[in-house]
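*Asks:* With the numbering used here, letter number 91 in the sequence shown gets 87, and the count goes up by one each step, no holes.
A single structure is presented below for examination.
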Amino acid sequence: MIMNGSNTIAQPKYKDTSQLDAVTSDVYGFPLRQDERSGMFIQINNIGDQRISIRNSVTFGWHIYMVTLNLIFFVHWTRDGQERTGCYNLQCPGYVPEPNKPTVPGIAIDAVSDPDGVKRTIIFKVFKDSAGDWLMRIGFDSRPYLIGRFPKSLFTSLGDKADNVRLGGFVATRTTQLAPMGSGFLPDNAKSASLSNIQLIDQNGKTSKLDRDQPADMNDRNIYSVSPISVEGKFTYSGPLK
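Written out as structure tokens, the structure is:
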């Protein structure tokens, strides 16, 4: 996902018996320069003994890049750390869309937030069912509905459980120029982007908000940064503008 000369933030790296249930993301669109990419991602992993070759993961979110000039909803999967398997959207067999649903990976997202005005959101609700499939529900400023699934048969371990979750923002560029992440404003600015209503679901189906801070990865906190997680299950991220 990340090209050379990139920056990424990720929070949290949540490792527990609970699974991620739902996350609400602000959505932003802006013009980018050649070879730039920017977006938000949620990644659900089974990392096992840390060997890349056995890492199972599903990744989803939104991004914008020069190739399309549009804000795009995307998904990705792999069962070996992308060494031999996996792809984006519907480029290979894997993710299975629900029939007759308007939202499919690769579609453009028209409703975006204004840092100085109305915030538009996407609610992602993704969890494993009793058969081991990972079901994806999504809602654009609305209650999420089922749009597809990652079948258990794709994976060697993620069909049994997830043991790691990462979520945050990323930018990628081949130049030294800074590209905007999130809304473009650092987390201590009221205009910054946010991930909120982060909810977990346990093995008994009980949901709860993630109300404590988690370890964060930041390449350069002076350029792109992330706030601590609040008791309401929310954190802000973005950059590089103050």
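Ideal Cβ positions, reconstructed from N, Cα and C, are used throughout, including at glycine.
Start and end of the beta strand (DSSP E) containing Asp22?
*Replies:* Per DSSP, Asp22 belongs to the beta strand (DSSP E) from Gln15 to Asp22.
*Asks:* Check each candidate in Arg162, Val114 and Ile118 and name the one with the smallest Cα separation from Ala186.
*Replies:* The shortest Cα separation from Ala186 among Arg162, Val114 and Ile118 belongs to Val114.
*Asks:* Going by CA-CA distance only, name the one from Gly165, Ala107, Ala175 and Pro176 that's closest to Ser138.
*Replies:* Of Gly165, Ala107, Ala175 and Pro176, the residue nearest in Cα terms is Ala107.
*Asks:* Based on DSSP bridge pairs, tell me the residues matched to Met36.
*Replies:* Answer is Trp58 and Gly165, bridged to Met36.
*Asks:* Quick one: what's Cys88 bridged to in DSSP?
*Replies:* DSSP, once it has assigned bridges, lists no residue as partnering Cys88.
*Asks:* According to DSSP, is Leu150 helix, strand or coil?
*Replies:* Helix at Leu150.
*Asks:* To the nearest angstrom, how far is it from the Cα of Glu94 to the Cα of Asn218?
*Replies:* The straight-line gap from Cα to Cα measures roughly 42 Å.
*Asks:* Determine the closest residue to Ser223 out of Met62, Leu191 and Tyr24, with distance taken between C-alpha atoms.
*Replies:* When each option's Cα is compared against that of Ser223, the closest is Leu191.
*Asks:* Please state if the CB of Val19 and the CB of Gln195 are separated by a distance shorter than 9 Å.
*Replies:* Cβ atoms of Gln195 and Val19: closer than 9 Å.
*Asks:* Would you tell me roughly how many angstroms separate the C-alpha atoms of Asp159 and Tyr24, rounded to the nearest one?
*Replies:* Each residue's alpha carbon lies about 30 Å from the other.
*Asks:* Could you work out which residue in Ala212, Tyr220, Gly128 and Leu154 is closest to Asn42 when comparing CA atoms only?
*Replies:* Residue Leu154 is the option with its Cα nearest to Asn42.
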